[in-house]
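The numbering of the sequence shown is our numbering, which starts it at 676 and goes up by one.
Here a beta-carbon is modelled for each residue, glycine too, at the ideal position from N, C-alpha and C.
Down below is the structure, laid out as structure tokens.
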Amino acid sequence: MKVMTGAVAATLTFGALLSGCGAKVEGGDTSCKDYLAANDADQQTAVSKMLKDEKGTDAAQLEITGTKVSVQAFCQTAGKEDSKIKEAPHL
């Protein structure tokens, strides 16, 4: 029984470590550092969530794409690592 409990604990710990390795995506509160480190799908999720939080409805794909370009430019120029993506100019 102790071996089984140890194996379960090790599996859960390993899973927690893996899930913590990615960039933290929190919609508009995502930092530029985390946004730039995220993969394309996570960037899409962050921008989509930010726009939905602002407007209350899902944004059109064209708006999401345009906002991603704006956020990318902001984070690579005027934004700092701890700047939030919601600070980027967008419609």
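In this chain, the alpha helix (DSSP H) harbouring Ala748 covers Gln736 to Gln751. Between Thr720 and the set Cys707, Ile739, Ala712 and Gly731, the nearest pair of CA atoms involves Ile739. Between the alpha carbons of Tyr710 and Asp717 lies a gap of roughly 8 Å. Asp704 and Val746 have their C-alpha atoms some 12 Å from each other. Burial check for Gly731: the Cβ neighbour count within 10 Å stays below 16, so the residue is exposed. Rounded to the nearest angstrom, the Cβ distance from Cys707 to Lys761 is 11 Å, too far for a contact under 8 Å.
From the listed residues Thr742, Val744, Met725 and Pro764, the smallest Cα separation to Glu701 is found for Met725. Annotation: Gln751 to Ser723 spans about 20 Å, alpha carbon to alpha carbon.
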